[in-house]
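Residue numbers (the working numbering), protein chains in the order written: chain B, 1 to 298; chain H, 299 to 611.
Structure first, then comments.
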Ligand SMILES: Cc1ncc(C[n+]2csc(CCOP(=O)(O)OP(=O)(O)O)c2C)c(N)n1
């Protein structure tokens, strides 16, 4: 396939932004000693593509009635969302430094009442899609015609609520709704297929009445093409199964379940920064020389 | 410094010991092997750990089914999701059906600190207390946790164990005998009674020290069993000390304080102060910071007891 120069520029910009997001997110987690770096990094390329090229949103009018809605159903990846929102202009980048500090707006899981751009409070898995179905119906009933996009984890799909919502979305012919499954094949403690098998995942969504496409969730060209084609079929909700890698961007985090909520120590932080810097050549602050104690994990 | 313990360790040691002797003991989890500290259990009894994935409603239903099949399932998940997500399964499949399921709510209260209100479990006692035929136990230290696990395994019937991950000191002597439905008298006193459970028992004991320095002798009761409640100990405390301060790592609506107040107002009305989370979603902060923020500290209990006793004279 030929890629025109305009597209090539877009891809380069997305790649630069994604590296910026990963680096800033990791700095935030390193400082806070808390976060979900693996799942943040697997969803980063999808997030920056959505916020840069897909969603019709205006950070200056985050509550505009006809804005497209984005819901991060895997709310534990708030770090990636906050960083993306900050770089998209929803709030000052400096606020990221307050991540999970006492009284911060930036809780470990996103709160719509505190953070511009967050559409619904997530954290317990399996909540985003039902809320998205309601929002998609509202778009139709109000005639405002906006679209709704949801990122779910793959482990998260073990929650039955997703499948209740999936059935409803097809029943109500919600072709303004798109779900993106972050198919990194890992959950908290193990692989998804070792825990409670999801495959054949595409057939499941199809059987529930959705139009399904698979993409490489780290290939901007593939993502841009696919997002440009939603809804894939009129009268049907769209499901994008994005094949991703947990910890994408840092070799020793990639596909390693330990990095679900592990926090990098000084040496790991320095090594990871080096790898991320190599992706765009930008220098970053040196790690502080302090003891790392990993905080809670669920 | 006093040594602090994570009660999940005592929980697991006892469970491993019992499982080695009784093949009916199984565990059911929701991708929560690590957070329930069940790695060793999985190693030793791999086929007896049933991981249903991230699916709490299914997890509790599966637990009820295992119990129907003659097994003794310990269903272990983070308390907010186990109780909140699967509440109807707990009501219908466990309590109403009277199945021999042991619900183990791990990392309860505000232990998940910065992860926020979705991950705090400060409604669980209220939700579960409203359900008939369900024993609720909130152990305060490793000793009591281990004995609660033994009791759960040996007694037939639905039970909820609320297990914290926050560091706690041993508050009971080594020869302490835990009994379901019996409050433990940890300190004698005649001026006021402090009733606590879980991680706040040690704070109540510290508050009693502070009060003693002011000449106020506080009785301290560990009310580990929230249901069935030790009415006798509560009424005795009301009659003999004339005032009660309750303290819980939970909303003040429907938990330990409410349970005690229900007994007090209908039998032996005395002034009470109910300490806990005052009906709000917690702001961002670590578990320790939040306990301070809500006054769930020795100082906070001391202040409430001083105010209550002062108001009486
Ligand atoms: C209802 C509920 N149960 C359990 C959890 C604890 N938990 C947080 S993240 C996670 C694993 C999620 O896996 P997945 O959806 O695949 O996300 P990713 O691997 O992309 O981070 C679990 C079990 C939760 N947040 N909510």
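Cβ coordinates follow ideal geometry from the N, Cα and C atoms, glycine included.
All of these numbers come straight from a predicted model, not from anything done at the bench.
Against chain B, with Cβ distances strictly below 8 Å, would residue i count as a contact?
i: residue 349/H; result: yes
i: residue 551/H; result: no
i: residue 339/H; result: no
i: residue 310/H; result: no
i: residue 381/H; result: no
i: residue 581/H; result: yes
i: residue 461/H; result: no
i: residue 608/H; result: no
i: residue 422/H; result: no
i: residue 418/H; result: no
i: residue 594/H; result: no
i: residue 353/H; result: yes
i: residue 413/H; result: yes
i: residue 360/H; result: no
i: residue 331/H; result: yes
i: residue 425/H; result: no
i: residue 356/H; result: yes
Along the chain, where does the beta strand (DSSP E) that runs through residue i open and close?
i: residue 374/H; result: 370-376
i: residue 547/H; result: 542-549
i: residue 347/H; result: 347-349
i: residue 178/B; result: 177-183
i: residue 400/H; result: 400-404
i: residue 491/H; result: 490-494
i: residue 571/H; result: 570-575
Assign residue i to one of two classes, buried (16 or more other C-beta atoms within 10 Å of its C-beta) or exposed (fewer than that).
i: residue 285/B; result: Here residue 285/B scores only 49 on pLDDT, less than 50, and its place in the model should not be relied on; the value that follows carries that caveat. The residue in question, residue 285/B, is exposed, as its Cβ has fewer than 16 Cβ neighbours within 10 Å.
i: residue 421/H; result: buried
i: residue 12/B; result: exposed
i: residue 389/H; result: buried
i: residue 315/H; result: exposed
i: residue 76/B; result: buried
i: residue 83/B; result: buried
i: residue 371/H; result: buried
i: residue 119/B; result: buried
i: residue 171/B; result: exposed
i: residue 23/B; result: buried
i: residue 614/H; result: Chain H is shown only over 299 to 611; residue 614/H falls outside these bounds and no answer can be derived.
i: residue 318/H; result: exposed
i: residue 423/H; result: buried
i: residue 473/H; result: exposed
Residue range of the alpha helix (DSSP H) that residue i falls in?
i: residue 309/H; result: 305-319
i: residue 47/B; result: 37-49
i: residue 149/B; result: That residue, residue 149/B, is in no alpha helix (DSSP H); its beta strand (DSSP E) goes 148-153.
i: residue 357/H; result: 354-366
i: residue 17/B; result: 5-32
i: residue 220/B; result: 220-228
Quick check on residue i: does DSSP put it in helix, strand or coil?
i: residue 521/H; result: coil
i: residue 74/B; result: coil
i: residue 419/H; result: strand
i: residue 299/H; result: coil
i: residue 584/H; result: coil
i: residue 214/B; result: strand
i: residue 326/H; result: strand
i: residue 561/H; result: helix
i: residue 131/B; result: helix
i: residue 103/B; result: coil
i: residue 485/H; result: strand
i: residue 516/H; result: strand
i: residue 186/B; result: strand
Consider the Cβ of residue i: report whether some Cβ of chain H lies at a distance smaller than 8 Å.
i: residue 63/B; result: no
i: residue 294/B; result: Unreliable positioning characterises residue 294/B in this predicted model, as indicated by a pLDDT of 49, which lies under 50. The coordinate reading is nonetheless provided below. No, residue 294/B does not count as interfacial toward chain H.
i: residue 100/B; result: yes
i: residue 42/B; result: no
i: residue 187/B; result: yes
i: residue 152/B; result: no
i: residue 130/B; result: no
i: residue 92/B; result: no
i: residue 195/B; result: yes
i: residue 108/B; result: yes
i: residue 158/B; result: yes
*asked:* Quick check for students: name the residue ranges of the beta strand (DSSP E) that lie wholly in the region 234-269 of chain B, counting only runs of 3 or more.
replied: With a minimum length of 3 residues, the continuous beta strand (DSSP E) runs that stay inside the region 234-269 of chain B are 238-243.
*For the region 429-468 of chain H, list the alpha helix (DSSP H) runs that are entirely contained and at least 4 residues long, ordered along the chain.*
Here the runs fully enclosed are 440-452.
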